[in-house]
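Report on one structure; see the data block that follows.
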Amino acid sequence: MWTYIARRLLMLIPVLFGMSLIVFSIIRAIPGDPARAILGEKASDEALAQLREELGLNEPWYIQYFHFLGDLMRGDLGVSIRTGAEIAEEIGPFLAATLELTFVAMLIAIFVGVNAGIIAAWKQATWFDYISMLIALIGVSMPVFWLGLMEQWVFAKELQLLPSTGRYNVREPIEVVTHFYVLDTIITGNWSGLWDVVKHLILPGIALGTIPMAIIARMTRSSMLEVMKQDYIRTARAKGLNEFWVNYKHALKNAFIPVLTVVGLQTGLLLGGAVLTETIFGWPGIGRYIYDAITYRDYPVIQSGILVVATIFVLINLIVDLLYAAVDPRINYK
Amino acid sequence: MSQVMLEETQKTAVDPSAASGPWRDAWRRLWRHKSAIAGALIILLFILLAVLAPVITSHPWDGKDLYNRLKPPSSENWLGTDGLGRDLFTRLIYGARISLFVGFFAVMGSMVVGSLMGILAGYYGRWVDMLISRIFDIMLAFPSILLAIAIVAILGPSLENAILAIAIVNIPTFGRLVRSTVLSIKEEDYIMAARAQGMKDARIIFHHILPNSTAPIIVQASLGIATAILEAAALGFLGLGAQPPQPEWGTMLAESKDYIQKAPWTVVFPGLCIMLTVLGFNLMGDGLRDALDPKMKQ
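Going down the list, the protein sequences come from chains W and Y. Per my numbering, the first sequence starts with residue 2, numbered consecutively. Per my numbering, the second sequence starts with residue 349, numbered consecutively.
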């Protein structure tokens, strides 16, 4: 097991290097003069020269890359062209917002997806099975941004049940401690604030969680059907065990391993989906941070934002791989 | 192995008439697959709408009419009009051309490049495999839509650049798939026989390995078109893909999202078109997988 972990960690090194190289080339690969692309056609020669100096564009590319790597090692993500602030400091609250949304989306996806999958397998070839699998199929084909717009229209604008944008009601500010607002409102005992934050999380959480929900439901169903054929399930039934316990205790325990992998993979993918969801719901997360940076041609922010998301994505995949190996004793680590 | 047996083995591997048995079986399974047929019908419908667009509608796709802004569906404008008074149905069916074009060409690009890289990695192994597999790992380290956004941020927003970006981000999916198929095929007797006969690598790859890797590539292509259409719509929605006034579905959604309460049809229909087309290709892909790889179904 330890050799497996060591090898998996070693494999991470070239990936991280490659990622840094790709992200590094984002500014350098802009056709023509990157400084002019950032500042626009009307920029003065002095401003262009200054920006080239700040970004180190006058030096050969390999020197620039070494500087870039050195800065990354020190945790320096550069300076935003738009705000003039250090990106490493600025990015924290955005990252917290995205992680909070991703976590909620995943919770919704697991809760609904696993239960729908179990019941669909349990009631195989009934209307519940057909309808839930049809919904799952539609779910994977759904453009997240359109679903978000539909939710806003129905639940926020027409029915006025839930708020359509933002993380909280700006007229009732929240005392910020960790930037994870659910946690912050609990820590400060602000219960009305907690309810408000939860209400703001529901619509974007469902929009972002729909695709993983559908995939988890399909995976759970097929995994459960596979397990239900096994002898020990027949034994459990033969000894008169309640069907609910057969499904939820005996079968789910073994069916959950492939589901776990899907959950892990989807958590990483949610970070990509967050760009779209955050844009629609005005969610001040890292996806929106990158999107705004593109609009303002703030290339240092685009670079660092993408690098941070990709690093988290890689780390989540690593954790999933290790968890998978730890959970399933049948896996050969060698 | 005698010369006769060798020729026989090679014949089975490459001769389409000899291999028609499994393909005919797959075709029969596909015909019996209800959801695959449903998927194929949806795709066919959109292809017909796209091809026959000028015959079906008399409205121009960019015909602005500010007196008729945001009109609800009527006999004149079947699906209503948008914020600039353009006929929504006309724009949607012309938009089908763009989405199908994007899906097809982006997937063609990633399929050709990915398959070649996968074949090289799988066939030559060692450092070639090591290098190509690491490139795939690095590309897969980015959430695909984010990598596509990064590429478009470099090249500038346009439909062509969006197609290029989508093609690039999907290369590793095909590459890994083909690599693993090649790894399993290259140990087969008929490949060893071809090699023993002194056949050149290129000939072995293109005459023996590639034809025998087609099934998984076809399945992935169908599912890949679905993903490519979704990604193109997402880029269009973010303003990074097709640019207005092009009637691309994602771009249309971005243009209409502020009218959602006043004129919901301008948002509902483009989204439904994206969803239905993607659903069609997903259903088709699932069906193809079941038909071409019966083992997987079990």
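Note that the Cβ used here is the ideal one computed from N, Cα and C, for glycine as well.
Which whole runs of the alpha helix (DSSP H) in the region 73-160 of chain W are 4 residues long or more, in chain order?
Those alpha helix (DSSP H) runs which fall completely within the region 73-160 of chain W and span 4+ residues are 88-123, 128-141, 145-152.
Within the 7 Å Cβ cut-off, does I258/W reach chain Y?
Residue contact with chain Y for I258/W: absent (no Cβ-Cβ distance below 7 Å to any residue of chain Y).
Contact check, W192/W vs G619/Y, beta carbons under 7 Å
No, Cβ-Cβ distance for W192/W and G619/Y is not below 7 Å.
Within the same chain, show all residues whose beta-carbon is closer than 8 Å to that of G280/W, passing over the 5 residues directly before and after it, in chain order.
Per the sequence shown, residue 280/W should be read as Thr rather than Gly. Excluding positions up to five away in sequence, the list reads F146, G288, R289, Y292.
List, in chain order, every chain Y residue whose beta-carbon is nearer than 7 Å to that of M220/W.
None at all; the shortest Cβ gap to chain Y is about 14 Å.
How far does the alpha helix (DSSP H) with E55/W in it reach, from first residue to last?
Element bounds for E55/W: 46-56.
Counting only the same chain and skipping the five closest in sequence on each side, list residues whose C-beta sits under 7 Å from that of P364/Y.
Any reading at P364/Y must be qualified, since the residue scores a pLDDT of 48, below 50, and its modelled position is unreliable; the value itself is stated next. Once the five neighbours on either side are set aside, P364/Y has no close Cβ partner at all.
May I ask you to list, following chain order, the residues of the region 114-129 of chain W that have a beta carbon less than 7 Å from some beta carbon of chain Y?
Taken residue by residue, none of the region 114-129 of chain W has a beta-carbon sitting less than 7 Å from a beta-carbon on chain Y.
Boundaries of the alpha helix (DSSP H) in which N255/W is found, first to last residue:
Annotation: the continuous alpha helix (DSSP H) that includes N255/W extends over 253-282.
So P259/W and S224/W are supposed to be a Cβ contact under 8 Å. How far apart are they, rounded?
Yes, P259/W and S224/W are in contact; Cβ-Cβ is about 5 Å, under 8 Å.
Using CA coordinates, which residue listed in P491/Y, A501/Y, G433/Y is at the minimum distance from K412/Y?
The candidate whose alpha carbon is nearest that of K412/Y is G433/Y.
Let's test the definition: count the other Cβ atoms within 10 Å of the Cβ of K534/Y and tell me whether it reaches 16, buried, or not, exposed.
Classification of K534/Y: buried, given that the 10 Å Cβ count is 16 or more.
From P35/W to I28/W, what distance separates their C-alpha atoms?
When rounded, the distance between both Cα atoms is 6 Å.
Nearest to R474/Y (by Cα), restricted to the options R527/Y, L494/Y, M487/Y, S492/Y
Ranking R527/Y, L494/Y, M487/Y, S492/Y by Cα distance to R474/Y puts R527/Y first.
Any chain Y beta carbon closer than 7 Å to W246/W:
No, W246/W lies away from the interface with chain Y (no Cβ there is under 7 Å from its Cβ).
Expressed to the nearest angstrom, what Euclidean distance is found between the alpha-carbon atoms of P174/W and D185/W?
Note on geometry: alpha-carbon atoms of P174/W and D185/W lie some 12 Å from one another.
When you compare only the Cα positions, how much space is there between Y471/Y and T562/Y?
Each residue's alpha carbon lies about 16 Å from the other.
Might you give, ordered along the chain, the residues of its own chain that have their beta carbon closer than 7 Å to the beta carbon of L271/W, omitting 5 neighbours on each side?
Counting only Cβ-Cβ distances below 7 Å, and skipping sequence neighbours, we find T103, A106, M107, L209, P213.
Give a yes or no on whether the C-beta atoms belonging to M143/W and T211/W are separated by under 7 Å.
Pairing M143/W with T211/W gives a Cβ-Cβ distance under 7 Å.
Starting from K382/Y and walking both ways along the alpha helix (DSSP H), at which residues does that stretch end?
382-399 is the extent of the alpha helix (DSSP H) around K382/Y.
According to DSSP, is D232/W helix, strand or coil?
Looking at D232/W - three-state DSSP - the assignment turns out to be helix.
Taking the alpha helix (DSSP H) that L22/W falls in, what are its first and last residues?
Where L22/W is concerned, the enclosing alpha helix (DSSP H) stretches over 3-29.
Among residues of its own chain, excluding the 5 on either side of F156/W, which ones have a beta-carbon nearer than 7 Å to its beta-carbon?
The residues L162, L163, L204, in chain order, have a CB closer than 7 Å to that of F156/W in the same chain once the five nearest residues on each side in sequence are set aside.
Would you say K335/W reaches chain Y, if we count a Cβ-Cβ gap shorter than 7 Å as a contact?
Here K335/W scores only 48 on pLDDT, less than 50, and its place in the model should not be relied on; the value that follows carries that caveat. With 7 Å as the cut-off, K335/W does not count as an interface residue toward chain Y.
For P15/W and F245/W, what's the separation of their Cα atoms in angstroms?
Spanning the alpha carbons of P15/W and F245/W requires a straight line of approximately 48 Å.
Could you tell me which residues DSSP puts in a beta bridge with D435/Y?
Residue pairing by DSSP places D435/Y opposite T429/Y in a beta bridge.
For the alpha helix (DSSP H) that contains I483/Y, what are its first and last residues?
For I483/Y, the uninterrupted alpha helix (DSSP H) run begins and ends at 474-488, by DSSP.
Does the separation of the CB atoms of G343/W and P491/Y fall below 7 Å?
There is no way to answer for residue 343/W, as the model of chain W reaches only from 2 to 335.
Nearest chain W C-beta to R482/Y closer than 7 Å, yes or no?
At a cut-off of 7 Å between beta carbons, R482/Y contacts chain W.
Identify which residue in W375/Y, L389/Y, D373/Y, R372/Y has its Cα closest to the Cα of N630/Y.
If we check each option's Cα against that of N630/Y, L389/Y comes out closest.
My output table needs one value for I307/W: the three-state DSSP class, helix, strand or coil.
In this structure, I307/W counts as helix in the three-state DSSP scheme.
Listed by chain order, chain Y residues near T186/W by CB distance under 7 Å:
Here the premise fails: no neighbours, minimum Cβ distance about 29 Å.
In the region 277-295 of chain W, which residues sit with their C-beta less than 9 Å from some C-beta in chain Y, listed in chain order?
The residues in question are L277, T280, I281, G288, I291, Y292, A294, I295.
What residue does the alpha helix (DSSP H) around S423/Y start on, and which one ends it?
Here S423/Y belongs to no alpha helix (DSSP H), and DSSP marks it neither H nor E.
With C-beta atoms as the reference, is A218/W less than 7 Å away from G118/W?
Yes.
Out of curiosity, what's the CA-to-CA distance linking H201/W and E101/W?
Answer to the nearest angstrom: the Cα atoms are 12 Å apart.
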